[in-house]
Each structure stands twice: as structure tokens, then as C-alpha cells.
Amino acid sequence: MVQVQEPSVRQDPPAPPQAVSTWSGPAREQAVQRMFTSIASVYDLNNTLLSFGLHYRWKQIAASFVTPVEQGTALDVGAGTADLALLVEPRMGATGRVVASDLNYAMLAEGLKKVDGRGLTGKITCLQASAEHLGFADNTFDAVTTGFCMRNVGNLPQAVREIRRVMKPGGRFICLEFSRPVFGWLRALYDWYSFKLLPWVGTKVARDKTGVYEYLPASIRTFPDQERLCQILREAGYSQVSYKNLTGGIVAIHVATK
52 MVQVQEPSVR
62 QDPPAPPQAV
72 STWSGPAREQ
82 AVQRMFTSIA
92 SVYDLNNTLL
102 SFGLHYRWKQ
112 IAASFVTPVE
122 QGTALDVGAG
132 TADLALLVEP
142 RMGATGRVVA
152 SDLNYAMLAE
162 GLKKVDGRGL
172 TGKITCLQAS
182 AEHLGFADNT
192 FDAVTTGFCM
202 RNVGNLPQAV
212 REIRRVMKPG
222 GRFICLEFSR
232 PVFGWLRALY
242 DWYSFKLLPW
252 VGTKVARDKT
262 GVYEYLPASI
272 RTFPDQERLC
282 QILREAGYSQ
292 VSYKNLTGGI
302 VAIHVATK
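Using the working numbering, the first residue of the sequence shown is number 52, and each one after it goes up by one.
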């Protein structure tokens, strides 16, 4: 069985979510990790409830952008409970490998249970790593994916540069993330859902006291929109940068090539 090493994160009192959304660097990272640790056991259930079951379909579409490769190697950054890694695994061929990396031990441990349950420990490796410092050699992976992770990293430009570094030339980076709805009425409805309904439902189900379900919509609001994220990816050296809106732009899939 793959073992996940537990991180050494200081257990400081959780910071107010409004403050976390404006922080950068290690302080933000530590606060975010504490919040996700608190909800790891109910993360999948809450995702299903709060997305009305759409999150898995979004991940299926994201995985479909991964080019199938025989004996391929893929990396899922911010893998969490490993949903996206499990969807990418068949696209790496019968002898391919997927690394599911995440900084948060509790989330990754939940993902490891899924990998074990499907008998895929020989094909999917769960590894604790930071998106900004992945620790792999240059030109290692045929594809890198990430789902609902990039808005939580401490340094977004550094993270996308690091992802590009570990990809092989011609490899694809597929980023699934919340974005900006394209219609004004949908933005208004989504804001009401995000800042009123989501914190209430999340707290009732998860019994969370850290404010994670207030932090999440705040992090979405401050994350670059579709065009700005394209610009960040181009500035990091990617080419063939494009995106596909899903559910009216509530989420978007960005695809970029090294």
C-alpha cells in the first residue's frame, strides 16, 4: 500500500476567511491546509450536494482533454480525494502511471482509500507535495491536470511555471477551476448561492467551524477570470492556450501546451 507522509503544519487557530482570501505565500497556505483538513472526511459528500452532482461530470470532461498515451505518465496536482486522478488513469495506457499529489495529508488519505478500493495502487501513487515545489525532474510527465486547486495556491505564477517545468515538451496542462459566469443574471444568482446558501449548507453538513465554506467563495471571487488566467499561462511560457466554459462559465477548463 502506498503510504502518505503526514505534514508538519502548525496548528494555529484558524484565521477569518476574509483575511485568508487576501493573503499570499506560506501564511495563506497554512491556513488553507488547516481548513481542508477539517472537512476531508465529508469533502466528497459536500461537493456532490453543493454542485448538485455536477462536479463529477466537470471532472470527466476535464479528463477527456488528456491525450491518451501508451505507457504514459500523468500528474494530478492538488489531487485531493483523487477523483480526477482516477479518471485520468485509463488514458495512460495499460502500463501507464499517475501521480496524485496534494499538500494536504487528510485529503490525500481519503483519495488513497479510493485508489486502494479499486485495486489501483500499482498504477496511481499518492504523494504529498506542494504545487509550487513539485520535486520532480524536468520533462517527466506527458500530462498534468488539476481540479479546483489553483485558486488555493500561495503563488499562482510560480505554480504554473513549476507545472510546465515537469511536463514533457508537447505535454498538456489541463486546469479545471471555478471561474466567472458569462451572463449577468447568472453572476448575481451565483453570488447569492456562493455567499449565502453555500456557507449555510456546508456548515450544516460538515459541521465546520473554521470558515472554509466562507473562504471558498471568497477565493473564487479573487481568482483570475478566464482571459486573465490565459494571460498568466502564456506569460509562464505555455502555447496553444484555450479554455472551455462549463455551466455558463461557473467553471472553466483551461488547456495549455508546453
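The C-beta atom is built at its ideal place from N, Cα and C for all residues, glycine as well.
Cβ neighbour criterion (16 or more within 10 Å) applied to residue i
i: Thr124; result: buried
i: Val204; result: buried
i: Glu140; result: buried
i: Arg169; result: exposed
i: Leu248; result: exposed
i: Lys110; result: buried
i: Pro220; result: exposed
i: Asn97; result: buried
For residue j and residue i, believed in contact at Cβ under 8 Å, the rounded distance
i: Asn197; j: Asp127; result: What sits at residue 197 in the sequence shown is Thr, not Asn. With a Cβ gap of about 7 Å, Thr197 and Asp127 count as contacting.
i: Val120; j: Gly147; result: 7 Å
i: Val211; j: Leu297; result: The Cβ separation is near 20 Å, so there is no contact.
i: Ile112; j: Ala151; result: Actually they do not touch by this definition, with Cβ atoms about 19 Å apart.
i: Ala182; j: Glu213; result: 7 Å
8 Å Cβ cutoff met for residue i and residue j
i: Phe224; j: Val195; result: yes
i: Phe87; j: Met158; result: yes
i: Lys309; j: Arg202; result: no
i: Cys318; j: His106; result: The question about residue 318 has no answer here: the residues shown for the chain are numbered 52 through 309.
i: Tyr294; j: Gln277; result: yes
i: Ala133; j: Val166; result: yes
i: Gly222; j: Phe192; result: yes
Residue i in three-state terms, based on DSSP
i: Val233; result: coil
i: Asp153; result: strand
i: Tyr294; result: strand
i: Gly168; result: helix
i: Cys200; result: coil
i: Lys255; result: helix
i: Asp189; result: coil
i: Pro220; result: strand
i: Glu80; result: helix
8 Å Cβ shell around residue i - same chain, five flanking residues per side excluded
i: Glu286; result: Pro208
Spatial neighbours of residue i in its chain, beta-carbon cut-off 6 Å, leaving aside the 5 residues before and after
i: Ala307; result: Phe224, Leu284, Tyr289, Val292
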